[in-house]
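Heads up, the thing below is written out as structure tokens.
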Amino acid sequence: MAAEHLEKYPLSPRNAIIKRLLASSQLTTPYRTKPLDLKFTALDGREVNLETLRGKVVLIDFWATWCGPCVEELPHVTKAYEKYRDKGFEVVAISLDQDRGALETFVRQNNLKWPQHFDGKGGDGELCKRFGIEMIPVMWLINKQGLLAQTNARGKVESEVERLLAE
Numbered sequence: 114m115a116a117e118h119l120e121k122y123p124l125s126p127r128n129a130i131i132k133r134l135l136a137s138s139q140l141t142t143p144y145r146t147k148p149l150d151l152k153f154t155a156l157d158g159r160e161v162n163l164e165t166l167r168g169k170v171v172l173i174d175f176w177a178t179w180c181g182p183c184v185e186e187l188p189h190v191t192k193a194y195e196k197y198r199d200k201g202f203e204v205v206a207i208s209l210d211q212d213r214g215a216l217e218t219f220v221r222q223n224n225l226k227w228p229q230h231f232d233g234k235g236g237d238g239e240l241c242k243r244f245g246i247e248m249i250p251v252m253w254l255i256n257k258q259g260l261l262a263q264t265n266a267r268g269k270v271e272s273e274v275e276r277l278l279a280e
């Protein structure tokens with residue numbers, strides 16, 4: 114539909130946005146057929162490697178403490194985490210924060226138990242560029258085979274996790 118729109122309405126002011134979204138979606142397409150590779154040392158020193166989480170459903174939450182919609186989603190993520198962690202669900206957060214202290218304080222105050230990636234570069238970080246993340250919140254779900262199963266889990270984390278765990 115996007116390509117059709119671009120062809121049919123070449124002068125539309127929305128075309129720049131549509132082109133960026135298309136480019137971003139092309140970056141994620143390979144991860145639907147081959148396992149997503151993601152390794153990092155978390156804010157708290159934990160080593161994170163998606164390969165070691167195969168067999169589990171994993172939420173990758175691109176977020177920041179200053180992002181209102183991201184923070185609004187946290188109670189839903191926490192609820193799903195507490196409900197399904199023992200059934201094979203994990204959360205991995207990619208923070209776009211640039212202030213390490215603010216992130217550490219927020220994580221501690223909100224008792225966020227999952228690992229947090231932090232590089233201090235915000236949207237210019239390597240992972241944002243690699244995965245085409247241009248705005249947040251972005252919530253991806255990785256299935257038990259390590260494949261990208263959902264790129265927009267916002268507002269439906271619990272039901273989608275339940276569905277993927279049943280597969």
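Heads up: the sequence shown runs through residues 114 to 280, numbered per the numbering used here.
Using N, Cα and C, we set each Cβ at its ideal position, and we do this for glycine too.
If you run the structure through DSSP and keep just helix, strand and coil, what is S272?
In the sequence shown, counting from the first residue as 1, residue 272 sits at position 159. Reduced to three states, the DSSP call for S272 is helix.
Select from G201, L261 and P182 the residue whose C-alpha is nearest the C-alpha of D150.
If you number the sequence shown from 1, residue 150 lands on position 37. Of the candidates G201, L261 and P182, the one whose C-alpha sits nearest the C-alpha of D150 is L261.
Residues of its chain near K233, where Cβ-Cβ distance is below 7 Å and the 5 sequence neighbours each way are ignored
What you label residue 233 is simply residue 120 of the sequence shown in a count that begins at 1. It is worth fixing the name first, because residue 233 is Gly in this sequence and not Lys. The residues are Q211 and R213.
Run the CB neighbour count on A193, radius 10 Å, all protein chains shown included, and call it buried at 16 or more, exposed below.
Here residue 193 refers to the residue found at position 80 of the sequence shown. The residue in question, A193, is buried, as its Cβ has 16 or more Cβ neighbours within 10 Å.
Do L278 and V171 have their beta-carbon atoms positioned less than 8 Å apart in this structure?
Counting from one through the sequence shown, the residue named residue 171 turns up at place 58. Counting from one through the sequence shown, the residue named residue 278 turns up at place 165. The answer is no: Cβ separation not under 8 Å.
Rounded to a whole number of angstroms, what is the C-alpha to C-alpha distance between Q222 and Q229?
If you number the sequence shown from 1, residue 222 lands on position 109. If you number the sequence shown from 1, residue 229 lands on position 116. For Q222 and Q229, the distance between alpha carbons rounds to 14 Å.
First and last residue of the uninterrupted alpha helix (DSSP H) at F244:
In the sequence shown, residue 244 corresponds to position 131, counting from 1. Where F244 is concerned, the enclosing alpha helix (DSSP H) stretches over E239 to F244.
Limits of the unbroken alpha helix (DSSP H) element including A116:
As a working note, residue 116 is residue 3 in the sequence shown. Where A116 is concerned, the enclosing alpha helix (DSSP H) stretches over A115 to K121.
Which stretch, first to last residue, makes up the alpha helix (DSSP H) that contains E186?
The sequence position of residue 186 within the sequence shown is 73, counting from 1. Element bounds for E186: G181 to Y197.
Out of T154, R167 and Y122, which has the shortest C-alpha to C-alpha gap to A206?
Here residue 206 is taken as the residue at index 93 of the sequence shown, counted from 1. Closest option to A206, Cα to Cα, is T154.
Opening and closing residue of the beta strand (DSSP E) in which T154 lies
The residue labelled residue 154 in the question sits at position 41 within the sequence shown. Element bounds for T154: K152 to T154.
Nearest to L187 by alpha carbon, out of W227, L156, K200 and G201?
On the sequence shown, residue 187 is found 74 positions in, with the first residue counted as 1. Looking at the Cα atoms, W227 is the closest of the given residues.
Could you please give me the residues that DSSP links to N256 through a beta bridge?
For this step, residue 256 is matched to residue 143 along the sequence shown. None; N256 has no bridge partner.
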